[in-house]
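Input: a single structure, listed below in structure tokens.
2 protein chains.
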Amino acid sequence: MAERFANRRDIRFLLEEVFDVNSLTQYEYFKDHSAETFNMVVDTVMKMGSDLMYPVFQEMDKYPPRYENSQAKVHPAVRIFLDECGRGGWLNADWNYAEGGQQLPNMIKFTYWFVFSAANYALGAYAQLTAGAANLIREFAGQEIKDQYLDKLCTGKWQGTMALTEPDVGSSLGDLTTSARETDQGYYLIKGKKIFISGADTDGADNTVNMMLARIQGAPAGTKGISLFVVPKYRINEAGELEYNDVHCDGIEHKLGYRGCPICQLTMGENNDCRGYLVGKPGRGLGYMFQMMNEERINVGIGAVAKATAAYYAALEYCSQRKQGRRPGVKDQSLPMVAIIEHPDIKRMLLLQKSIAEGSLSLALQVSKYIDLIKVLPDEEEREKYSLLVELLVPVVKTYPAEAGIMATSAAIQCLGGYGYCQDFPVEQYYRDIRIDPIHEGTTGIQGQDILGRKISLGNGKAMQYFVAELLAAIQSAHKFENLQAMAAQLLQSLNELRSVTAYLLDLSAQGKIEEFLADGVLYLEMFSLIAIGWQWLLQAVKANEILQAGSSLRENDKLFYHSKIYTCRYFFSYELNKIYGLVKRLSSTEAITVEMEAKFLQV
Amino acid sequence: MAERFANRRDIRFLLEEVFDVNSLTQYEYFKDHSAETFNMVVDTVMKMGSDLMYPVFQEMDKYPPRYENSQAKVHPAVRIFLDECGRGGWLNADWNYAEGGQQLPNMIKFTYWFVFSAANYALGAYAQLTAGAANLIREFAGQEIKDQYLDKLCTGKWQGTMALTEPDVGSSLGDLTTSARETDQGYYLIKGKKIFISGADTDGADNTVNMMLARIQGAPAGTKGISLFVVPKYRINEAGELEYNDVHCDGIEHKLGYRGCPICQLTMGENNDCRGYLVGKPGRGLGYMFQMMNEERINVGIGAVAKATAAYYAALEYCSQRKQGRRPGVKDQSLPMVAIIEHPDIKRMLLLQKSIAEGSLSLALQVSKYIDLIKVLPDEEEREKYSLLVELLVPVVKTYPAEAGIMATSAAIQCLGGYGYCQDFPVEQYYRDIRIDPIHEGTTGIQGQDILGRKISLGNGKAMQYFVAELLAAIQSAHKFENLQAMAAQLLQSLNELRSVTAYLLDLSAQGKIEEFLADGVLYLEMFSLIAIGWQWLLQAVKANEILQAGSSLRENDKLFYHSKIYTCRYFFSYELNKIYGLVKRLSSTEAITVEMEAKFLQV
């Protein structure tokens, strides 16, 4: 078993040294905080991870929720963990004091989501879903709903969910059919079915609060007819008691991974008595959801990073202990075997995992810092800049660790050989758990369409310009270190390749060739991601160099740590970033094979 | 549920049209066969797959073998299937008539292993293991052992296994410690432990025959001290009855996938009464095993192809039926949704799967044909040529479908979205099942060392020269078709890149930089594989073109089929083969990061 699911040292490096989270305390909103409070938060959640979450990580997979008497029964750890989240204020720590929050930076919030997910992804999901539901209510609901729900959600007494998907409606939300009939009692009567709703039935909390999309009767077809409702499993009656709200759990899915959290099928209104409470204005439901979507997508990305990270530490520990074989050229079988971490191919697989995990975490924290700055910077243009960067980078933060994380967790299995394939070791579970991430909160296909079809053109191309400027600044700062100059040059060349490919694709769009333009959005996103992660590695290597140069009194372990960052950066540039050259060939091709070829050619 | 796990039409195309299996009947050894018998064989095994195997594919995963009273209890289908294999003669159909075989070509044998694996990989494994054990005995054992075991194995009454791995000895077989003490009774007393032995305990057969590596007491350390023994679970006593041979199953592994077949831990000689019967000469055990290794590795590759193929058909069926969204630019939500196979990104994911599955099957059959030719060609130089090509290509046949198959089955999951993650659909099982293939019968790391460290230099570089010549011939034949000229040129350029990279790496070796030379063997194998699969796609496209040009009277479905081959070839060249350009950058780098960086930098 891995003893570490996340590296406290690496979190400190990224938060304090690379992104200087403490600099945020200069702003009014964060002024009560300090390096000490931030450190205390991270230490506390690491301890929660170690004490409460990681010990039941494999158990929750082995004994997934059961469906009994029309109810989902979950692991007892769920209630304990939600209670603890409520007590610690983790579900709304970023909210302002007036709302009951602690005005913690987003960077810190995403850091503790990362720690929770690394310790036990399925368990962490209950909290993230609840926080997400609470956020929607806080942002868009009227006071009465806020009074009824926020405290229960934020204390972890009630479970929150996001109820979007329907049996025939996954990515095309405009087609959803769950209906809401207005009454004169201040509520709507909801009727319909939802599927794939995480945490929508549970005995780990006293109630479930579904944030549900539905179409008010008479509303237009498509996305404009969709409204957002609070549809609790138990509503509060006039006596202030909970009564059943005709939200029936029809069953739970048996899944590849992410097994600790039930994915539910719901039927609303079997007895025509399911009440939904409108949030905000009619017809604005999808808009509200999408205003929360960036945060949800970053959460998914962070969850994927976390799983890849935990798998990496499990593999690292195994490879450090397991002895097998000898160095090349050593033929004498009487000599002792070496730990397999001595073999270059094992080091390659470990660096692959490390570079994906730590590179993606860095990008997620970079974007979190932008979100914090948007909140506090006085200058409007600056705020706009960071908003555009967040919009542009969210598909990358969500997708790169999800897709590359499959490779990373697969490499973790490979490091363990046959043991990696067995359930005594945790790596096969990470491999299963992470496979949900390219699917939920917008598939990789959707993210590819998003970045290419929408994001790179945002603000008349300003989003992309800001991105280029950030990279050029990083390249500039790397140039002063001899050991980084080649990498700085490589990143610049990669960026130029991206600009050419982007121009070529936008030209297709300008010619009205929309299908051709978007067909390889997923590959474009992959290329973009490699460059974005390369940028983050260069930033980390620059910081490591600066510290190594400045600090002659560094402890030996710190020296190793900073050098490891430079090695991993070199690995990423040589093994991963170079992959763009295959992608460039495809993305600049004039052959639109997947558009040209009709489906019938596959159906023979 | 997918209705097809393999495509009979594609098998016919490859066997008859691309590789002209019928041409083998011109040789004495195969002269009793004809197109009819070959077709009958394939039809029969397809029917076995549909009737016996595929119906229990998911069930055998859901209810894996249980370990009860020191025995593994397997699914009842195992006995039925092994009986059927025995009756049909499938376990030794390639043997000659005198040995009880049917003198069927290797091409046909690998085709039916493919069909079995596609229908139900775990079930097929029982047969492959038994055939492998029988083959070892036939090839190397004395007459007495043959008389006792071959008939029982070939009729499927007894289960065969390959017992190599030990608790601390995976890839470094030279370190194994299971011991054999000679007696004057004609047998050896075996003592030791083996782990990860597929099928080593089962109630699906009346006995288990372990082909086991052990070290005779007093033998030298390392690989030269290893001998091969038959170590049955029940030995035949003087009365001709079965009696327990002190081979104890200590337990079975709980695995990510491949769950229908038990992977056992064995203890031999707890009561000092485990008898082993020497096969061949002492000290030659590893050599014997390795003479069978090519076949075993091709089997693994074919198993991976089969899983990727079955996953592809499940995804294809789903995408053809599932409706979601509309074509880009269609904003009118009242228009009906289209089947998702109409979306270019879905077509891309299907072509990815198809190109990996059909390209790998093609290469496996190509190599099978070489094996058949080695058996029958009169000219020694020709036989040597094909032997060298087989040696060179086996790591590719084994590894490419295993590693790319992870991508392919992951894409199958992605095609199904959330449903792909659920156990109601079979794709998540293929994703789990295929993950064993980069591990067993030599990990991907071992295969990378093999091709780079041994195979490309084989026959003083002749193996590589023959490979180049085969590709040049294919390129030549493609040049006469206008629609293939660009691809022919691309393959030529890729081949030249491979030759440059190979020369660069061999130069490192010549300089004595052995670790640097071998460090990226896995990446070299990946590059080599992309080019080898590109070659196979070009061959298929050439054949499709030839038939389309010749046959104006082709049926519509055949036309679609041949055009689909050309589309898939174009996909592979544009999306997959171009990946070599990233690999070339890395493989020609002078920075040996994974050699230079000591392990301690990862351990902070």
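Residue numbers (the numbering used here), protein chains in the order written: chain B, 26 to 629; chain X, 26 to 629.
Just so you know, even glycine gets a beta-carbon here, dropped at the ideal spot from N, CA and C.
Under the criterion of beta carbons closer than 8 Å, aspartate 458 of chain B and tyrosine 146 of chain B qualify as touching, at roughly 5 Å. Using a Cβ distance threshold of 8 Å, glycine 149 of chain X and lysine 216 of chain X do not count as a contacting pair. Within the same chain, and ignoring the five residues on either side of arginine 611 of chain B in sequence, the residues whose Cβ sits closer than 7 Å to its Cβ are Asp545 and Leu548. Not flagged as an interface residue toward chain B: aspartate 86 of chain X, since no C-beta distance is shorter than 8 Å. At least 8 Å separates the CB of valine 526 of chain B from every CB of chain X. In this model, isoleucine 170 of chain B and tyrosine 302 of chain B are separated by some 8 Å (Cα to Cα). Using beta-carbon distances, glutamate 540 of chain X counts as an interface residue toward chain B, with a partner under 8 Å. In this structure, tyrosine 338 of chain B lies near arginine 29 of chain B, with their beta-carbon atoms less than 8 Å apart. Per DSSP, the beta-bridge partners of lysine 280 of chain X are B/Cys447. Going by beta carbons, phenylalanine 542 of chain X and isoleucine 476 of chain X fall outside the 8 Å limit. At a cut-off of 8 Å between beta carbons, serine 599 of chain B contacts chain X. Within chain X, no C-beta atom comes less than 9 Å from the C-beta of methionine 187 of chain B; the nearest is roughly 13 Å away. Between phenylalanine 106 of chain B and alanine 31 of chain B, the C-beta gap is not smaller than 8 Å, which leaves the two residues out of contact. Shown here, methionine 187 of chain X sits in a strand according to DSSP, grouped into three states. Among the bridge pairs identified by DSSP, serine 223 of chain B is matched with B/Ile288. Taking each of B/Arg34, B/Asp35, B/Leu49 and B/Leu40 in turn and checking the Cα distance to valine 401 of chain B, the smallest one comes out for B/Leu49. With a threshold of 8 Å between beta carbons, arginine 595 of chain B makes contact with chain X. Under DSSP, the beta-bridge partners assigned to methionine 237 of chain B are B/Ala188 and B/Phe254. Here the stretch 267-278 of chain B makes contact with the stretch 219-228 of chain B; the two share three or more CB pairs at distances below 8 Å. Here the C-alpha atom of valine 255 of chain B lies approximately 32 Å from the C-alpha atom of isoleucine 438 of chain X. When only Cα atoms are considered, alanine 331 of chain X and leucine 441 of chain X end up about 19 Å apart. Burial check for tyrosine 174 of chain B: the Cβ neighbour count within 10 Å reaches 16 or more, so the residue is buried. Taking all protein chains shown into account, methionine 65 of chain B has fewer than 16 neighbouring C-beta atoms within 10 Å of its C-beta and is therefore exposed. Counting along the chain, the unbroken beta strand (DSSP E) around leucine 267 of chain B starts and ends at 267-269. Glutamate 278 of chain X reaches chain B at Cys447, counting residues in chain order whose Cβ is nearer than 7 Å. By the neighbour-count definition (other C-beta atoms within 10 Å, threshold 16), glycine 282 of chain X is a buried residue. Judged by DSSP in its simplified three-state form, isoleucine 464 of chain B adopts coil rather than helix or strand. Burial is judged here by how many other beta carbons sit within 10 angstroms of a residue's own beta carbon; threonine 186 of chain B has at least 16 and is buried. The contact set of proline 369 of chain X on chain B, defined by CB atoms closer than 7 Å, consists of Glu540, Ala544, Thr619 and Val620 in chain order. Contact of proline 463 of chain B with chain X is assigned, a C-beta pair being separated by under 8 Å.
Beta-bridge pairing by DSSP links asparagine 262 of chain B to no other residue. Taking the Cα positions, lysine 356 of chain B is about 15 Å away from glycine 478 of chain X. According to the DSSP assignment, glutamine 96 of chain B belongs to the beta strand (DSSP E) that extends over 96-98. With its beta carbon at least 8 Å from every one in chain X, threonine 334 of chain B lies outside the interface.
For alanine 205 of chain X, the enclosing beta strand (DSSP E) covers residues 204-207.
Nearest CB-CB separation between threonine 424 of chain X and chain B: not below the 8 Å threshold.
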